[in-house]
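Residue 56 is where the sequence shown starts when you use our numbering, and the numbers rise one by one after that. Heads up, the beta-carbon is just placed ideally off N, CA and C, and yes, glycines get one too. Taking it in order: structure first as structure tokens, then the write-up.
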Amino acid sequence: MALSEVNCMPKGKKALREIIKGDLLIQLNEVWRKGESYQDNQKGDNIQGTLHCKAVETNLCKLIPDDKKEKELSQTELFVLSAAACLHDIGKVVIDDAKGWKSDHGKRSMEIILKEYDKLGLDKGQAIAVGYVVSVHGDGRLDELPPKLAIGSEEISLIGLAAIFRLADMLDTNYQRVPEILRIIKFPEGDVPSKWKGRPAITGWYLDEKDRIILQAVPKKDEIDSVYTLKAMMNEDLAQISPYLKLYEYPFELGELDLGDVFIKAELKKKAVIKRPFPGMAFYTKDDAKIFKGRDKEIEDLLSIVSNWPITLLIGESGAGKTSLIHAGLFPKLDAMSWRYVCTRPFDNPEENIKKMLWSAFFEGNIDPTMNLLDVMKNAAEKIKPKKLLVVMDQFEDILNCGVKEILDDFCLRLTAVQTGTIIPNLRILISFREDALVKINSRLLKKITGSAYQLPSVELERLTREGATKALLAGLENAHIGLDPRQEKGQKSLIEIILDDIQKGDDRLYPPYIQMVAETLCAKVDPTNPIITIEIYLDQLKGADNIIARYLMERLKEFGSQKDKAERVLAFLTSSTGKKAQKNLKELSRATEIEMDVLKEIVNKMVDLRMVSAASKDEFEIIHDYLGKIVDEELVKEEDRTIKFLEEQLDSFYQNYNVHGTPIMDPIFMVNLYRNRMKIKITDEKYPLILCTCLYKKVGLGWYWLKDLNTSKIVEMKKEHQSHGFIIKEDETISELKHWDEEDRIVLSSATGGILDRIRIHNEFLERFYPGGMDKILELLKSEKRKFRYFALDEFLKIAKPGDLDKIIEVLLDEDYFARDAAIDAFIKIATSDDIDKILEMLHHQFSGVRRASVKALKKFAKLEDAEYLLDLIAEESQGWNDKQQDFFYALRELDKKFYCPYYEEEEK
Numbered sequence: 056m057a058l059s060e061v062n063c064m065p066k067g068k069k070a071l072r073e074i075i076k077g078d079l080l081i082q083l084n085e086v087w088r089k090g091e092s093y094q095d096n097q098k099g100d101n102i103q104g105t106l107h108c109k110a111v112e113t114n115l116c117k118l119i120p121d122d123k124k125e126k127e128l129s130q131t132e133l134f135v136l137s138a139a140a141c142l143h144d145i146g147k148v149v150i151d152d153a154k155g156w157k158s159d160h161g162k163r164s165m166e167i168i169l170k171e172y173d174k175l176g177l178d179k180g181q182a183i184a185v186g187y188v189v190s191v192h193g194d195g196r197l198d199e200l201p202p203k204l205a206i207g208s209e210e211i212s213l214i215g216l217a218a219i220f221r222l223a224d225m226l227d228t229n230y231q232r233v234p235e236i237l238r239i240i241k242f243p244e245g246d247v248p249s250k251w252k253g254r255p256a257i258t259g260w261y262l263d264e265k266d267r268i269i270l271q272a273v274p275k276k277d278e279i280d281s282v283y284t285l286k287a288m289m290n291e292d293l294a295q296i297s298p299y300l301k302l303y304e305y306p307f308e309l310g311e312l313d314l315g316d317v318f319i320k321a322e323l324k325k326k327a328v329i330k331r332p333f334p335g336m337a338f339y340t341k342d343d344a345k346i347f348k349g350r351d352k353e354i355e356d357l358l359s360i361v362s363n364w365p366i367t368l369l370i371g372e373s374g375a376g377k378t379s380l381i382h383a384g385l386f387p388k389l390d391a392m393s394w395r396y397v398c399t400r401p402f403d404n405p406e407e408n409i410k411k412m413l414w415s416a417f418f419e420g421n422i423d424p425t426m427n428l429l430d431v432m433k434n435a436a437e438k439i440k441p442k443k444l445l446v447v448m449d450q451f452e453d454i455l456n457c458g459v460k461e462i463l464d465d466f467c468l469r470l471t472a473v474q475t476g477t478i479i480p481n482l483r484i485l486i487s488f489r490e491d492a493l494v495k496i497n498s499r500l501l502k503k504i505t506g507s508a509y510q511l512p513s514v515e516l517e518r519l520t521r522e523g524a525t526k527a528l529l530a531g532l533e534n535a536h537i538g539l540d541p542r543q544e545k546g547q548k549s550l551i552e553i554i555l556d557d558i559q560k561g562d563d564r565l566y567p568p569y570i571q572m573v574a575e576t577l578c579a580k581v582d583p584t585n586p587i588i589t590i591e592i593y594l595d596q597l598k599g600a601d602n603i604i605a606r607y608l609m610e611r612l613k614e615f616g617s618q619k620d621k622a623e624r625v626l627a628f629l630t631s632s633t634g635k636k637a638q639k640n641l642k643e644l645s646r647a648t649e650i651e652m653d654v655l656k657e658i659v660n661k662m663v664d665l666r667m668v669s670a671a672s673k674d675e676f677e678i679i680h681d682y683l684g685k686i687v688d689e690e691l692v693k694e695e696d697r698t699i700k701f702l703e704e705q706l707d708s709f710y711q712n713y714n715v716h717g718t719p720i721m722d723p724i725f726m727v728n729l730y731r732n733r734m735k736i737k738i739t740d741e742k743y744p745l746i747l748c749t750c751l752y753k754k755v756g757l758g759w760y761w762l763k764d765l766n767t768s769k770i771v772e773m774k775k776e777h778q779s780h781g782f783i784i785k786e787d788e789t790i791s792e793l794k795h796w797d798e799e800d801r802i803v804l805s806s807a808t809g810g811i812l813d814r815i816r817i818h819n820e821f822l823e824r825f826y827p828g829g830m831d832k833i834l835e836l837l838k839s840e841k842r843k844f845r846y847f848a849l850d851e852f853l854k855i856a857k858p859g860d861l862d863k864i865i866e867v868l869l870d871e872d873y874f875a876r877d878a879a880i881d882a883f884i885k886i887a888t889s890d891d892i893d894k895i896l897e898m899l900h901h902q903f904s905g906v907r908r909a910s911v912k913a914l915k916k917f918a919k920l921e922d923a924e925y926l927l928d929l930i931a932e933e934s935q936g937w938n939d940k941q942q943d944f945f946y947a948l949r950e951l952d953k954k955f956y957c958p959y960y961e962e963e964e965k
């Protein structure tokens, strides 16, 4: 039999350089001419140089339909792709050591292109575009690229170009890149890695009728496994870019291998799938029954209850192994008892979905639309009599996604009928779900069957015991013919004890997925010629269980496809500012990540299924492993996000204190930092009273920004609730001012009320004695030793002063007397205008507090909203603790915040 005879004709026929025209084509040909001098010297672990570069350009031609080349992609974009094909491995010529050109040659290529673009025939804009594309053609992240890039007046889609280019480079993986002679030289001992062993069997590729990429291969007998391994490796690489390929409408998935039988027969193809000793994140199937160890008691318990009760519940945390227990534990036992069974899932419509799955398992043709689920179960049970039928409803928490009450009511009636035990005597139902969903499932469904879920017989599946974990680990290793190093120094634990200790930590039991992750990773690391796991592999190379588990889980992010960025944000906000696990509910996560609730639920549920996240309580979720939290914090959390989390955690602490003691936020430094990030800090409804309380607190008074959209009546209502707290009531300013007068002044102003009358009398006396002297006399009296004379002189000065007298008033602001400075501040504010704003801002830096206070009050009158950032910067510039200057800058910020955001500011000012 020859290779599959399908329509292999690629949709792309025209070469890139056939479509590019005019001066751009001339320039491109010159780039290729100059690039050849680099290509011939490229280093690598396979054939590089001009042949590979041209093969990549040819692959681009085949992958991109001609219509897309001519109508959607611009001439510049085609130029960038072709130039990238020419120059993408240019970074492999500058470093001799293998690590240099293997690990980072894409970025090195970009550096060379940007540095020598004129020598390569590119202009600067073209060089930047080509550099970006080649920088990620190996293992770089496409989401780190800018999505668009302007070259002159044209804008190109950078990520789309980078994705299709990476695929074109990946597909040049055939025998021509690894000829036999190179393999012999490279691996003289014959220990050839799978990637090298598989490549010689690959003869090419084509696109099938569904635009899937089909690899053609003619493997020898000893190359079959390697070909499948190579395809699996390519699938992993493709998963990183497939969302982008799909988005830009390029081919994005591999189809089945197209194997020729020149050397092999059909039955050998079936043996080509390499069995893994551990299922990783998947569950154990019935075929894995021989290696499914450590659950003997649970299997017997489940079998006993299922055999004797119409409906049984299987409850356990995500990852406890419920599905594995059913498939690899229970089903083989039922086979021995000649039972029939079918596994179903309810999804969001349990009545319809379970009915269809059950029908397709036992009957042909379309289901009668008049039949309900109970009818189908009756027919199926009747068909297999006298055998018993078990219907498994796995992942039963799906029903919580059903928003139609009538559907759940009907489904409840079907289960109630089964629970009688007499309507369908040979039918059993096993309902399996996560323990965190028990309360909701009971409330919405189960209690309507028996009064409570707790009246239904159940098996509560816990984590593995130490003995069970040992059996499970050894069974998988035995199946893979891999051993643990038996060498053990005196006083040292055995390797299996070290591994299990690391996984177990302080818990009573071991989490099954952790065992599978660690074991699978260890097996993959073993040298096939010496299949022994050593302490060096475990600790030195893989850094122990914590690191293995965290890295394994981080790899799962690839499974989120186009939602990978959103999944990363969810993980980032499930860590605290110190890198520890943090508990968040969906509402908090949606607010922090800005992900819509429906999408967020989908992501979180998938994370639970992938064992990345667990339910910490009924409504909250957390990262499943402490070390994963550490890796997430180090690799996914941006510094700005860490700052936001720190502020929100502090805010929560202040809120808890407020709930107990009714106290505002008294820390101005915290409020400054909170205000600096006000665009990103979202205050929830329950925290509004705390913010208002802080705004009303005289020593802080900042935070009106977050209350700006509240109804005034709501603020007034909250304000009344705070009036009983002493820390909100302002000092009596009339009384406090008396503290600053000397004994002579106290005689004149003998009381807070009578003193006002005396003050008027003295003022009149002052006018009679000194006013005829005019402005000169007033200015002279401003320097009088008598405080009250200076004060009254300033009163008169205020009446006749003009804007040009600001400097004279500033002199008084330096006065040692409190009242003189205070009166000067009032005068300054009265005669200053918006034209003096530069002088006002300059005064903020003055060493004397009186001058700064005048500036602060003037800013309240003349400042603009954008001046808030300037004030925040001034506060940040003062690095020595919290000083007087910062305090004054803070007061200015506070007044600006109140002026622009307090809903009743104008009324209060009047």
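Inclusion of Leu204 and Ala218 in the CB contact set at 8 Å is not warranted, their separation being larger than that value. For the pair Ile930 and Val727, the CB atoms are nearer than the 8 Å cut-off. Taking 8 Å as the cut-off, the Cβ atoms of Asp688 and Thr739 do not count as close. DSSP, reduced to helix, strand and coil, places Ile554 within a helical segment of the structure shown. Minimum Cα-Cα distance from Lys460 among the listed residues Glu406, Glu575, Ala670 and Ile658 corresponds to Glu406. When the Cα atoms are used, Gly717 and Gln711 turn out to be separated by approximately 9 Å. Between Leu951 and Leu914, the C-beta spacing is below 8 Å.
Under DSSP, Phe725 takes part in no beta bridge, so it has no partner. DSSP places Leu175 in no beta strand (DSSP E); its state is neither H nor E.
Measuring C-alpha to C-alpha distances from Asn481 to each of Glu517, Met432 and Ser507 identifies Met432 as the nearest. Closest in alpha carbon position to Leu706, among Ile724, Val692, Glu694 and Leu511, is Ile724.
Between Lys124 and Ile74, the C-beta spacing is below 8 Å. In the three-state scheme derived from DSSP, where H, G and I count as helix and E and B as strand, Phe402 is classed as coil. The C-alpha of Ile880 lies about 21 Å from the C-alpha of Asn938. Contact annotation: Phe402 and Lys341 have beta-carbon atoms that are not nearer than 8 Å. For Ser632, there is no enclosing alpha helix (DSSP H), as DSSP marks it with neither H nor E.
Rounded to whole angstroms, the Cβ separation of Cys108 and Ala140 is 5 Å, and the two are in contact under 8 Å.
Annotation: Leu765 to Thr749 spans about 16 Å, alpha carbon to alpha carbon.
Counting of Cβ neighbours within 10 angstroms places Ile366 among the buried residues, the total reaching 16 or more.
Linking Arg666 to Asp423 through their CA atoms gives a straight-line distance of about 39 Å. DSSP, read as helix, strand or coil, puts Thr367 in strand. The beta-carbon separation of Ala272 and Ile296, rounded to 22 Å, does not stay under the 8 Å limit for a contact.
Distances from the alpha-carbon of Leu948 to those of His901, Leu896 and Phe903 put Leu896 closest.
Between the segment 496-512 and the segment 389-404, the count of Cβ pairs shorter than 8 Å is below three; the stretches do not touch. Assignment of alpha helix (DSSP H) within the segment 104-163, counting only whole runs of 4 or more residues, yields 105-118, 130-142 and 153-158 in chain order. When rounded, the separation of the alpha-carbon atoms in Ile679 and Asp664 is 11 Å. Between the C-alpha atoms of Gly905 and Glu171 there is a straight-line separation of about 60 Å.
Classified as exposed, Ser129 has fewer than 16 neighbouring CB atoms from the shown chains inside 10 Å of its CB. Residue environment: Met448 is assigned as buried (16 or more neighbouring CB atoms within 10 Å of its CB, all protein chains considered).
A residue is called buried once 16 or more other Cβ atoms fall within 10 Å of its Cβ, and Pro744 is buried on that count. Gln547 carries a coil assignment under DSSP once its states are collapsed to helix, strand and coil. Two segments are said to touch when three or more pairs of C-beta atoms, one from each, lie closer than 8 Å; by this definition the segment 345-355 touches the segment 372-388. By the neighbour-count criterion, in which a residue is buried when 16 or more other Cβ atoms sit within 10 angstroms of its Cβ, His536 is exposed.
At the C-beta level, Arg564 and Thr525 stay beyond 8 Å of one another. With fewer than 16 other CB atoms across the displayed protein chains lying within 10 angstroms of its CB, Asn640 is exposed. Sorting Asp430, Val514 and Leu468 by C-alpha distance to the C-alpha of Leu501 places Leu468 at the top.
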